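From first to last, the protein sequence lines stand for chains Z and L. Counted from 1, the first sequence has number 318 at position 318 by this note's numbering; the numbering is strictly sequential. Counted from 1, the second sequence has number 1132 at position 132 by this note's numbering; the numbering is strictly sequential. C-beta: ideal position from N, C-alpha, C; glycine also. The structure displayed is predicted, hence computed values, not measured ones.
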Amino acid sequence: MVGIVSYGGYVPRYRIETKEIARVWGKDESIGKGLGVFSKSVPGPDEDVATISVEAARNAMKKCSVNPGEIGAVYVGSESHPYAVKPTSTIVAEAIGAGPNLTAADYEFACKAGTAAIQTCMGLVSSGMIKYGLAIGSDTSQGAPGDALEYSASAGGAAFLIGKENVIAEINKTYSFTTDTPDFWRREGEKYPSHGGRFTGEPAYFKHTMNCAKGLFERTGTKPSDYKYAVFHQPNGKFPVNVGKMLGFTNEQIKTGLLTPRIGNTYSGSTPLGLAVILDVASPGDRIFAVSYGSGAGSDGFDITVTEKIMGIDRNPTVESFIADSKIIDYATYVRYRKKLWLGGE
Amino acid sequence: MSAPRFWREINQRYNLVGTECGNCGKKYFPIRSVCPECHRESIGKMKKVKFSGNGKVFSYTVIHVGSSMFQMQTPYIMAIIELDEGPRITGQIIDCETKDVKIGMPVESVFRKIGEDGKSGTIYYGYKFRLMK
Chain Z
1 MVGIVSYGGY VPRYRIETKE IARVWGKDES IGKGLGVFSK SVPGPDEDVA
51 TISVEAARNA MKKCSVNPGE IGAVYVGSES HPYAVKPTST IVAEAIGAGP
101 NLTAADYEFA CKAGTAAIQT CMGLVSSGMI KYGLAIGSDT SQGAPGDALE
151 YSASAGGAAF LIGKENVIAE INKTYSFTTD TPDFWRREGE KYPSHGGRFT
201 GEPAYFKHTM NCAKGLFERT GTKPSDYKYA VFHQPNGKFP VNVGKMLGFT
251 NEQIKTGLLT PRIGNTYSGS TPLGLAVILD VASPGDRIFA VSYGSGAGSD
301 GFDITVTEKI MGIDRNPTVE SFIADSKIID YATYVRYRKK LWLGGE
Chain L
1001 MSAPRFWREI NQRYNLVGTE CGNCGKKYFP IRSVCPECHR ESIGKMKKVK
1051 FSGNGKVFSY TVIHVGSSMF QMQTPYIMAI IELDEGPRIT GQIIDCETKD
1101 VKIGMPVESV FRKIGEDGKS GTIYYGYKFR LMK
């Protein structure tokens, strides 16, 4: 059966605390508690989606003995690709020694472009068109200074090598729920995204995540108690916990994959990183329920079962190791690293 | 830098691909077509080799006043790294404080943005180093 042959995550080292952002904009420090986000990852001045994707992909390739030359497809999902025209995926392919006999493309679907890439690779592998496909979700998301998004928009990514042989986790089923819902967008040439405020909640995140989850339950004949872990898209620390409870999952099932309180919303990296941190600790037979969400809007759901093969791989470096290796920076340094300053003569 | 000039060296910059002399076994980075020690005896015997990216700090300096492309990164560390396979290469050490670096410390290569041709030009990626965890 098609599944995950290997995986790797990467989170940049720098963190800014939400209370520091609140201090600068004259807001109450408790805003972080309200969002369920206490610090967020910040990319270094020489990091972008290409470098984060390469680091995640290399961490995935370290865990397995697959010859990169056997990878038939590379897809990178992100809403912050470094180029508007020029693929990130070719950079990743070259940097892991894959190609040139492969197909590659960049995906964009707000925060679910990475899971859409996993589905594409599943289809190509299942049909026999390729032996292995590499799917990556990665972002260096930006929120306008002072905007609500600035408290959560962060950076990180995860890569999944999809194949049929030696899978460490079988993907039993995938299902998607998609509508045209303009809850969050960024027009061509605009630096920062816009959003519909409260409109991003009920008719957007909750509607799509709930319907996707319910659709997946129906198609698999499963219920929440059948799963050891559940991971949902994490735009903040509250939405995934609430949607999990609404579906009948317990905190115990949700807490492992919930990274937003410590690293913020990594957008296209959000659900993939949550899945990766679960795979870092999962045991054979564990069942994982994963539902992403991308504004615009849609959700991709996955029913996954961990296999015995996971015991045969070295799971280092773990996602947790990147989260633990952190350096807190102040708002001024954050502004400098994120290039929110205009320097004369540039 | 023009796009083709960078493109020609992508394999070296992304994957630390150098050469090994088929005559004496010495390894070089960047790529050489002739071994400077074996001269004509190495002709036709130079083969490409991918380095592990692991090495140690041979020497380093801290840049406090960088060029315009690097002024967002100051102070930053430039080092000569002696790779485990032998060659010494120049590279930036990132993700640490300048006071944390000492000669002899083990490092590993990482993939980072090296530079860009202004706001509308191409972006250059390649190797930098971080202290081994």
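C-beta neighbour in chain Z for residue i, strict 8 Å
{"i": "L:Phe1111", "result": "yes"}
{"i": "L:Asn1054", "result": "no"}
{"i": "L:Met1078", "result": "no"}
{"i": "L:Asn1023", "result": "no"}
{"i": "L:Asp1095", "result": "yes"}
{"i": "L:Tyr1125", "result": "yes"}
{"i": "L:Lys1133", "result": "yes"}
{"i": "L:Val1012", "result": "In the sequence on display, residue 1012 of chain L carries Gln and not Val. Taking Cβ atoms only, chain Z never reaches closer than 8 Å to L:Gln1012, which makes this a no."}
{"i": "L:Met1001", "result": "no"}
{"i": "L:Met1072", "result": "yes"}
Sequence-distant residues of its chain with Cβ nearer than 6 Å to residue i (five each side left out)
{"i": "Z:Ala144", "result": "Tyr192"}
{"i": "Z:Tyr7", "result": "Ala60, Phe160, Ala276 and Leu279"}
{"i": "L:Leu1083", "result": "Phe1051 and Gly1055"}
{"i": "Z:Val306", "result": "Ala169, Ala282, Pro284 and Asp286"}
Beta-carbon proximity of residue i to residue j, cut-off 8 Å
{"i": "Z:Ser78", "j": "Z:Glu55", "result": "no"}
{"i": "Z:Val66", "j": "Z:Leu124", "result": "no"}
{"i": "Z:Val167", "j": "Z:Ile4", "result": "yes"}
{"i": "L:Ile1089", "j": "L:Ile1077", "result": "no"}
{"i": "Z:Pro240", "j": "Z:Leu258", "result": "yes"}
{"i": "L:Ile1031", "j": "Z:Glu94", "result": "no"}
{"i": "L:Gly1158", "j": "L:Phe1129", "result": "The question about residue 1158 of chain L has no answer, for chain L in this structure spans 1001 to 1133."}
{"i": "Z:Lys40", "j": "Z:Ser154", "result": "yes"}
{"i": "Z:Leu247", "j": "Z:Ala213", "result": "yes"}
{"i": "Z:Cys121", "j": "Z:His233", "result": "no"}
Interface flag, residue i vs chain L, CB-CB below 8 Å
{"i": "Z:Pro45", "result": "yes"}
{"i": "Z:Pro87", "result": "no"}
{"i": "Z:Thr318", "result": "no"}
{"i": "Z:Lys340", "result": "no"}
{"i": "Z:Arg356", "result": "Any question about residue 356 of chain Z goes unanswered here, given that chain Z covers just 1 to 346."}
{"i": "Z:Ile254", "result": "no"}
{"i": "Z:Gly99", "result": "no"}
{"i": "Z:Pro272", "result": "no"}
{"i": "Z:Pro82", "result": "yes"}
{"i": "Z:Ala213", "result": "no"}
{"i": "Z:Asp139", "result": "no"}
{"i": "Z:Glu55", "result": "yes"}
Residue closest to residue i, alpha-carbon to alpha-carbon, out of the options
{"i": "Z:Tyr151", "options": "Z:Trp342, Z:Leu341, Z:Tyr331 and Z:Phe289", "result": "Z:Tyr331"}
{"i": "L:Lys1133", "options": "Z:Arg13, Z:Lys255, Z:Pro272 and Z:Ile4", "result": "Z:Arg13"}
{"i": "Z:Lys327", "options": "L:Pro1036, L:Arg1130, L:Glu1097 and L:Ile1123", "result": "L:Glu1097"}
{"i": "Z:Ile16", "options": "Z:Pro261, Z:Glu70, Z:Glu190 and Z:Ile254", "result": "Z:Pro261"}
{"i": "L:Pro1075", "options": "L:Thr1019, L:Tyr1060, L:Ile1103 and L:Glu1020", "result": "L:Tyr1060"}
{"i": "Z:Val277", "options": "Z:Ser292, Z:Gly294, Z:Thr256 and Z:Val291", "result": "Z:Thr256"}
{"i": "Z:Val415", "options": "Z:Phe206, Z:Val37, Z:Arg219 and Z:Val319", "result": "Since the displayed chain Z opens at 1 and closes at 346, residue 415 of chain Z lies outside it and no answer follows."}
{"i": "Z:Asn265", "options": "Z:Arg23, Z:Ser176 and Z:Gly156", "result": "Z:Gly156"}
{"i": "L:Gly1126", "options": "L:Gly1066, L:Lys1119 and L:Gly1115", "result": "L:Gly1115"}
{"i": "L:Gly1086", "options": "L:Tyr1014, L:Gly1018 and L:Arg1013", "result": "L:Gly1018"}
Contact set for residue i: own chain, Cβ-Cβ below 7 Å, skip 5 residues either direction
{"i": "Z:Asp226", "result": "Arg287"}
{"i": "Z:Ala297", "result": "Thr179, Thr181, Asp183, Ala204 and His208"}
{"i": "Z:Trp25", "result": "Gly146"}
{"i": "L:Gly1021", "result": "Going by the sequence as given, residue 1021 of chain L is Cys instead of Gly. The answer, listed in chain order, is Cys1035, Cys1038, Ser1042, Lys1045 and Met1046."}
Contact set for residue i: own chain, Cβ-Cβ below 8 Å, skip 5 residues either direction
{"i": "Z:Ile329", "result": "Tyr14, Arg15, Ile16, Val42 and Tyr337"}
Original post:
Three or more beta-carbon pairs under 8 Å between the region 261-276 of chain Z and the region 126-137 of chain Z, yes or no?
Top reply: yes
Original post:
Would you say the region 1048-1057 of chain L touches the region 1098-1109 of chain L, given that touching needs at least three Cβ pairs under 8 Å?
Top reply: yes
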